[in-house]
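I have placed the structure first, in the form of structure tokens, so that the comments after it can refer back to it.
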Amino acid sequence: MDLDRVIKERRSIRKFRPDPVPREVLQEVIELALWAPSGMNRQEWELVVVQGKPRDRLLEIVSKSQEYVLPHLQELFSEKMINISLQVFKNLGGAPVVVLVTIPKEAVHIPEGLDPRGRYYLEFNRYSRLLSAAALIQNLLLAAHSRGLATCWMTGPKYMEEEINAFLGMEGRELVSIVPLGYPDQSPPAPPRKENVVRWVGFDNT
Ligand SMILES: Cc1cc2nc3c(=O)[nH]c(=O)nc-3n(C[C@H](O)[C@H](O)[C@H](O)COP(=O)(O)O)c2cc1C
Numbered sequence: 001m002d003l004d005r006v007i008k009e010r011r012s013i014r015k016f017r018p019d020p021v022p023r024e025v026l027q028e029v030i031e032l033a034l035w036a037p038s039g040m041n042r043q044e045w046e047l048v049v050v051q052g053k054p055r056d057r058l059l060e061i062v063s064k065s066q067e068y069v070l071p072h073l074q075e076l077f078s079e080k081m082i083n084i085s086l087q088v089f090k091n092l093g094g095a096p097v098v099v100l101v102t103i104p105k106e107a108v109h110i111p112e113g114l115d116p117r118g119r120y121y122l123e124f125n126r127y128s129r130l131l132s133a134a135a136l137i138q139n140l141l142l143a144a145h146s147r148g149l150a151t152c153w154m155t156g157p158k159y160m161e162e163e164i165n166a167f168l169g170m171e172g173r174e175l176v177s178i179v180p181l182g183y184p185d186q187s188p189p190a191p192p193r194k195e196n197v198v199r200w201v202g203f204d205n206t
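Just so we're aligned, residue 1 is where the sequence shown starts under my numbering, counting upward by one.
Spelled out as structure tokens, the structure:
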């Protein structure tokens, strides 16, 4: 598939068919994800790919994040949209595979009144690791989509980070996001993109 189409036609899918995903296809997608750029090429990300019984247990843990996600949804959405949005936290849309992305855990304390340079110095590692992991996740989403697979990038389950990490032996890591993955069982319309978010400086207005 043409890259422009892959980028534009990828959607967050919240309802999956139960069909298993062949291991070779998963491996291709993961390999492409790992070609993402990373700060100072440190590649400090780690991925855990889960299916079968452990995936069922993971779902039980993730579903507990609903009550914490609810206030965020209430800030933005109507009751109907809230119920639709919560559904994916209940069962991860029925996705047969879940990919979890972690980075090294590092507590960052920013003292009040610290100047921007001092702040960036303290945040440097976490900032770089998070952005690198985000690049990897976007690669994963696009590689999956180009193979007819569907995904949903999720940070809401981070509310259950301690339990998820303990279950999967990821203590000492920071959970960045989880990505349910499988074959799509819905084709939602593209949510509109905002306009007027780009300022062109030094360009002609003609
Ligand atoms: C950092 C990040 C976190 C997200 N977390 C969630 C989430 O917890 N639950 C969810 O249903 N969707 C989540 N999404 C998906 C967004 O809601 C989705 O990307 C957005 O509505 C645009 O839709 P599209 O991906 O179909 O273009 C997340 C996306 C990003 C980039």
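Note that beta-carbon positions come from the ideal geometry of N, C-alpha and C, so glycine has one too.
Contact set for residue i: own chain, Cβ-Cβ below 6 Å, skip 5 residues either direction
i      : result
Leu100 : Val48, Ile178
Lys158 : Leu175
Leu136 : Ala33, Ala36, Trp45
Continuous alpha helix (DSSP H) stretch holding residue i: start and end
i      : result
Thr59  : At residue 59 the sequence reads Leu, which differs from the Thr that was named. That run of the alpha helix (DSSP H) goes 52-63.
Leu32  : 23-33
Arg119 : 116-146
Ser85  : 79-91
Ala166 : 161-168
Leu149 : Element bounds for Leu149: n/a, residue is neither H nor E.
His72  : 66-76
Asp4   : 3-9
Of the listed residues the options, nearest to residue i (C-alpha basis)
i      : options                       : result
Lys64  : Leu86, Arg5, His145, His72    : Leu86
Ala133 : Leu122, Gly202, Trp35, Ala150 : Trp35
Leu149 : Glu44, Phe16, Phe124          : Phe16
Pro192 : Glu24, Arg11, Arg5            : Arg11
Glu163 : Leu59, Asp19, Glu46           : Leu59
His145 : Asp19, Leu26, Pro18           : Leu26
Pro22  : Ala107, Tyr183, Leu32         : Tyr183
Arg42  : Ser128, Glu195, Val197        : Ser128
Ile30  : Val50, Arg119, Pro54          : Val50
Leu32  : Gly39, Asn139, Gly94          : Asn139
Leu3   : Trp200, Pro188, Ala143, Pro71 : Ala143
Lys8   : Val197, Gly202, Ala190, Ile84 : Ala190
Leu70  : Ile61, Ile84, Arg57           : Ile84
Ala107 : Phe124, Arg117, Ile137, Gly94 : Phe124
Residue i - containing beta strand (DSSP E), residue span
i      : result
Leu175 : 173-182
Leu212 : This structure gives no information on residue 212, because the portion of the chain shown stretches from 1 to 206.
Neighbourhood of residue i by C-beta distance below 8 Å, restricted to the same chain and skipping five residues each side
i      : result
Leu130 : Ile103, Val176
Leu114 : Leu122
Gln186 : Ile13, Arg14, Lys15
Lys105 : Gly172, Arg173, Glu174
Other residues of its chain near residue i: CB distance less than 7 Å, five sequence neighbours each side excluded
i      : result
Asn165 : Glu171, Arg173, Leu175
Thr155 : Ser177
Three CB pairs or more closer than 8 Å across the stretch 166-173 and the stretch 72-91: Segments in contact, no.
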